[in-house]
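Protein chains in written order, with numbering that gives the first Met the number 0: chain A, 0 to 244; chain B, 0 to 227.
Even for Gly, the Cβ is constructed at its ideal location relative to N, Cα and C.
Predicted model only: the values in this text are computed from it and were never measured.
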Amino acid sequence: MPDSLLTVAVRHRVGAVALDVSFRLTQPWTVLFGPSGSGKTTLLRAIAGFVRPDAGRINSASEAWFDALANIFVPPHRRAVRSAGQIARLFPHMSVSRNIMYGLGWNSKPHDAREISEQVMDSFGLRQLADRMPRELSGGESQRASVARALVSAITFDAPGTPLLLLDEPLAGLDVAMRDQMVAELKRWTERWRIPVLSVTHALSEAFLLEAEVVKIADGKVAQQGPVAEVLAEERSQLLKQLRG
Amino acid sequence: MDSEALWLTLRLAASTTAILLIIALPLAWWIASGHSVIRALAQAVVALPLVLPPTVLGYYLLIAMGPMTAPGRILMRIFGHPLAFSFAGLLIGSVLYSLPFAVQPLVAGFRAVDRGYVEAAAGLGVRPFAVFLSVVLPLSRASLLTSAVLAFTHTVGEFGVVLMLGGNIPGATRTLSISLFDQVEEFNYRAANQTALLLLVFSMAALLLIYLLPTLRRMDGRQADIAG
């Protein structure tokens with residue numbers, strides 16, 4: 000069995016959602032798939048350290064981030080994780096390029112880090128927006144910048160190992176063609192830098208495009224985990240049936 | 000015009016503002032970062048000078064800094080003289096007296112900063128102190144200015160605490176507001192007029208700066224939009 004990048008076993012109740020999940024990340028890209036309100040966002044926030052689960056454990060490959068019994072809770076900024084959420088949250092007082100370089104690591108080689116940021120901006124179509132302020136961007140442009148910011152921060156990670164990139168549908172507002180293009184760019188970057196990704200989606204096409212490992216969440220529980228073709232076969236045939244009318 | 004008093008007042012107000020910002024920034028951030036009994040208690044203590052007669056504050060400080068209490072005796076040993084009736088003593092009094100004026104605008108400003116930005120920054124691995132400096136402070140800079148201007152002007156305008164704690168020593172503790180009181184007592188209405196007018200104009204200008212700022216900034220933004 001491949002080494003575990005992340006082991007999650009948590010219980011958490013928030014509002015109407017009662018999470019009770021346990022799974023291991025072993026593949027380079029894993030997708031959390033499930034209907035809205037199934038607790039995917041809460042789960043991602045627990046992994047990032049923004050939510051403290053009621054019970055359970057979250058372990059990275061090398062350390063414990065959360066252990067309710069041992070009273071361990073590593074704060075978000077000290078976890079080897081980089082996040083981009085559903086809302087872009089570009090810092091309103093910084094230009095696009097300053098936003099993208101905000102989480103820059105690699106203090107020892109600033110030249111390389113700058114070059115990486117510029118390449119990432121290029122591949123996300125942000126170069127000509129570099130000097131714009133966030134209030135001058137469209138929703139889709141903001142979202143692209145937000146993903147680029149998390150990616151640059153993950154690539155230039157300044158500690159041993161690579162961080163886990165957590166993406167909570169950060170490209171949900173983009174049209175399908177643009178989203179597929181961005182997802183392909185993202186995949187190229189994360190493969191090249193060997194950055195593992197855990198992303199949330201309820202877009203079937205995205206999951207298939209990524210050829211990702213899928214963790215299917217339903218009613219706060221893990222319904223199934225495995226390769227996309229296996230786990231989402233039923234959803235796929237349903238969709239195809241609908242399309243045929 | 001008592002230029003010695005003017006100089007002393009400016010020095011006192013500037014030093015008070017500097018010290019207050021150092022104290023108020025972390026204090027306000029802590030108060031704004033949650034709700035708890037101990038935070039409520041801290042807020043009440045900070046707000047006390049708003050409702051307390053200044054003479055009461057001055058009286059307690061006078062006692063606390065004098066030879067009658069243990070802290071007073073320690074302070075006397077450190078400074079070699081009693082802090083009461085000295086500039087240092089006055090400074091301590093001013094800091095306490097103007098504390099709410101520095102803290103409360105900052106608490107309001109910090110509470111208005113969307114926590115989503117703080118979370119986004121933490122999600123990029125940035126330490127909380129760096130997030131505070133690079134995200135929280137710039138997003139609440141209007142409150143920071145309000146806090147500094149209010150702390151400064153309120154110190155310029157203080158009377159009761161100064162009289163109680165500092166007495167009326169030229170060059171050491173006689174501020175403009177005390178000087179005005181002296182001038183009136185001496186029936187020197189010409190000088191009193193000058194002092195009063197100066198304080199009035201200064202206070203008005205400072206307040207105008209605070210209230211005009213949003214308008215100026217909006218005009219700024221509009222011009223940027225046109226240019227963009």
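Under 8 Å, Cβ to Cβ, is there at least one residue of chain B near residue i?
i, result
"Arg81 of chain A", "yes"
"Phe266 of chain A", "As shown, chain A starts at 0 and ends at 244. That puts residue 266 of chain A outside it, with no answer to give."
"Phe207 of chain A", "no"
"Gly102 of chain A", "yes"
"Glu234 of chain A", "no"
"Phe90 of chain A", "yes"
"Pro109 of chain A", "no"
"Ala60 of chain A", "no"
"Pro75 of chain A", "yes"
"Ile86 of chain A", "yes"
"Phe49 of chain A", "yes"
"Ser137 of chain A", "no"
"Ser152 of chain A", "yes"
Could you check how far apart the C-beta atoms of residue i and residue j are, in whole angstroms? I think they sit under 8 Å.
i, j, result
"Leu43 of chain A", "Asp167 of chain A", "5 Å"
"Val13 of chain A", "Thr41 of chain A", "6 Å"
"Ser178 of chain B", "Asp1 of chain B", "4 Å"
"Ser152 of chain A", "Gly124 of chain B", "6 Å"
"Arg81 of chain A", "Leu164 of chain A", "5 Å"
"Ala171 of chain B", "Phe86 of chain B", "5 Å"
"Val16 of chain A", "Ala54 of chain A", "Not quite, the Cβ-Cβ distance comes to about 15 Å (not below 8 Å), so this is no contact."
"Leu31 of chain A", "Val199 of chain A", "5 Å"
"Val183 of chain B", "Ala191 of chain B", "5 Å"
By alpha-carbon positions, which one of the options ends up nearest to residue i?
i, options, result
"Pro53 of chain B", "B:Ala204, B:Gly156, B:Gln182 and B:Leu211", "B:Gly156"
"Leu20 of chain B", "B:Pro104, B:Phe158 and B:Ile177", "B:Pro104"
"Gly84 of chain A", "A:Arg143, A:Ser116 and A:Val119", "A:Arg143"
"Leu60 of chain B", "B:Ile177, B:Tyr188 and B:Leu162", "B:Leu162"
"Val230 of chain A", "A:Ile216, A:Ala63 and A:Gln241", "A:Ile216"
"Ser37 of chain A", "A:Gly172, A:Asp111, A:Ala222 and A:Leu164", "A:Ala222"
"Leu309 of chain A", "A:Val9, A:Arg10 and A:Phe22", "Here chain A comprises residues numbered 0 to 244, so residue 309 of chain A is not present and cannot be evaluated."
"Arg56 of chain A", "A:Ile154, A:Val7 and A:Pro34", "A:Val7"
"Arg110 of chain B", "B:Val135, B:Val130, B:Arg126 and B:Leu90", "B:Val135"
"Ala13 of chain B", "B:Val148, B:Val44 and B:Arg126", "B:Val148"
"Glu234 of chain A", "A:Asp218, A:Val213, A:Ala183 and A:Gly219", "A:Val213"
"Thr189 of chain A", "A:Thr155, A:Asp218 and A:Pro75", "A:Thr155"
"Arg265 of chain A", "A:Met93, A:Tyr101 and A:Leu150", "With chain A running from 0 to 244 in the structure shown, residue 265 of chain A is simply not present."
"Ala230 of chain B", "B:Phe186, B:Pro169 and B:Glu185", "Outside the displayed range of chain B (0 to 227) lies residue 230 of chain B, so it cannot be described from this structure."
"Ser118 of chain B", "A:Leu128, A:Gly104, A:Thr200 and A:Arg77", "For the sequence presented, residue 118 of chain B should be read as Glu rather than Ser. Nearest of A:Leu128, A:Gly104, A:Thr200 and A:Arg77 to Glu118 of chain B, Cα basis: A:Arg77."
"Ile22 of chain B", "B:His34, B:Leu143 and B:Met67", "B:Leu143"
Flag residue i as yes if its beta-carbon sits less than 8 Å from any beta-carbon of chain A, otherwise no.
i, result
"Leu143 of chain B", "no"
"Glu118 of chain B", "yes"
"Ala121 of chain B", "yes"
"Pro99 of chain B", "no"
"Pro70 of chain B", "no"
"Arg110 of chain B", "no"
"Trp28 of chain B", "no"
"Leu228 of chain B", "With chain B covering only 0 through 227, there is no way to say anything about residue 228 of chain B."
"Gly227 of chain B", "Annotation note: pLDDT 30 at Gly227 of chain B (below 50); position unreliable, coordinate value reported separately. It does; some Cβ of chain A falls within 8 Å."
"Gly57 of chain B", "no"
"Pro25 of chain B", "no"
"Gly231 of chain B", "Outside the modelled stretch of chain B, which goes from 0 to 227, sits residue 231 of chain B, for which no answer is possible."
"Pro81 of chain B", "no"
"Val135 of chain B", "no"
"Gly115 of chain B", "yes"
"Pro127 of chain B", "yes"
"Gly124 of chain B", "yes"
"Phe131 of chain B", "no"
Hey, would you say residue i sits closer than 8 Å to residue j, going by beta carbons?
i, j, result
"Leu164 of chain B", "Thr194 of chain B", "no"
"Ala87 of chain A", "Phe123 of chain A", "no"
"Ile194 of chain A", "Pro162 of chain A", "yes"
"Thr29 of chain A", "Ala211 of chain A", "yes"
"Ala27 of chain B", "Val112 of chain B", "no"
"Pro81 of chain B", "Gly65 of chain B", "yes"
"Ser96 of chain A", "Asp130 of chain A", "yes"
"Leu98 of chain B", "Pro25 of chain B", "no"
"Ala83 of chain B", "Ser146 of chain B", "no"
"Arg126 of chain A", "Met120 of chain A", "yes"
"Ala141 of chain B", "Leu208 of chain B", "no"
"Asp157 of chain A", "Asn106 of chain A", "yes"
"Thr214 of chain B", "Thr16 of chain B", "no"
"Asp19 of chain A", "Lys220 of chain A", "yes"
Report yes or no: is there a C-beta of chain D within less than 8 Å of the C-beta of residue i?
i, result
"Arg148 of chain A", "Given the protein chain composition of this structure (A and B), no chain D is represented."
### Query
Can at least three beta-carbon pairs, one atom from the stretch 45-65 of chain A and one from the stretch 92-109 of chain B, be found at a separation below 8 Å?
no
### Query
So, do the stretch 2-20 of chain B and the stretch 166-175 of chain B have three or more beta carbon pairs nearer to each other than 8 Å?
yes
### Query
Is it a yes or a no for the stretch 226-241 of chain A touching the stretch 50-63 of chain A, going by three-plus beta-carbon pairs under 8 Å?
no
### Message
Check whether the stretch 203-210 of chain A and the stretch 170-184 of chain A touch, using three or more Cβ-Cβ pairs below 8 Å as the test.
### Response
yes
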